[in-house]
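Report on one structure; see the data block that follows.
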Amino acid sequence: MPKPTPQLPWECTHSEPGPDILLFRARYNWMRNPRNEASLKTLVLESNDWVNVAAVTPAGKIVIVRQFRFGTGRTTSELPAGLVEPDEAPLAAAQRELREETGYTTEDWIPLGSVDANAAFMNNQCHMWLARNVIKTTETALDASEDILVAELSLDELKQEIRAGHFSNALSLLTAYKVFDLKG
4 MPKPTPQLPW
14 ECTHSEPGPD
24 ILLFRARYNW
34 MRNPRNEASL
44 KTLVLESNDW
54 VNVAAVTPAG
64 KIVIVRQFRF
74 GTGRTTSELP
84 AGLVEPDEAP
94 LAAAQRELRE
104 ETGYTTEDWI
114 PLGSVDANAA
124 FMNNQCHMWL
134 ARNVIKTTET
144 ALDASEDILV
154 AELSLDELKQ
164 EIRAGHFSNA
174 LSLLTAYKVF
184 DLKG
């Protein structure tokens with residue numbers, strides 16, 4: 004396989020804050036294209052990092068959450084997920100989000116890696132975790148903006164949710180594909 008041709012870095016010639024839009028802070032950067040010296044105004048949405056948790060019970064059931072999503076205007080099925088708070092480690096955030104959204108806990112955590120949430124215009128990453136042997140130990144502690152139903156699915160039921168288009172969040176899908184055999 005041939006090596007990719009290295010690209011010259013883009014230079015930020017000017018930056019200014021944009022509006023604060025709840026979960027995101029907008030920033031405008033004027034970037035110079037090293038190929039042709041053209042300058043263009045770009046938008047960056049700054050956000051805390053995120054976590055996604057593939058949680059599996061001792062019986063092999065997958066814990067999912069069902070919640071209304073404002074962006075799509077519909078209820079979706081997803082893995083437990085959320086924001087990493089300032090000065091919080093990603094593992095601590097994953098443990099907190101699993102506990103708050105589902106009431107499940109475990110001491111058995113495996114990191115699955117991190118990905119850019121959307122490198123085209125966002126600055127944050129999503130950290131993915133496998134939580135094994137989760138058990139229900141507490142009640143949920145939902146934010147005012149959350150109305151979550153928790154379910155345990157078999158692998159076949161998860162595949163059905165994916166095929167039906169109910170489980171369609173890209174980062175939840177990526178996390179699930181890293182853990183489960185979702186072929187077929």
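Using my numbering, read the sequence shown as starting at 4 and increasing by one per residue.
The C-beta atom is built at its ideal place from N, Cα and C for all residues, glycine as well.
As the structure is a computational prediction, the values presented were derived from the model and not from experiment.
Item	Value
Inter-stretch contact (C-beta, 8 Å, three-pair minimum) for the region 57–76 and the region 128–139	yes
Cβ contact (3+ pairs, closer than 8 Å) linking the region 149–167 and the region 103–118	yes
Counted within 10 angstroms of its Cβ, other Cβ atoms place residue 170 as buried (16 or more) or exposed	buried
Nearest-angstrom beta carbon gap, residue 30 and residue 20 [assumed within contact, 8 Å]	6 Å
Close Cβ partners of residue 126 (< 8 Å) along its chain, the five nearest in sequence each way excluded	47, 48, 49, 50
Boundaries of the alpha helix (DSSP H) in which residue 175 is found, first to last residue	173–182
Supposed contact pair residue 65 and residue 80 - C-beta distance, whole angstroms, cut 8 Å	Rounded, the Cβ-Cβ distance is 10 Å, inconsistent with contact.
Assigned secondary structure, residue 167 (DSSP; H/G/I helix, E/B strand, else coil)	coil
Opposing strand residues paired with residue 116 [DSSP bridges]	131
Range of the contiguous beta strand (DSSP E) that encloses residue 94	No beta strand (DSSP E) holds residue 94; the alpha helix (DSSP H) holding it covers 93–105.
Integer Cβ distance of residue 87 from residue 52, believed to fall under 8 Å	4 Å
Identity of the residues DSSP links to residue 108 by a beta bridge	138
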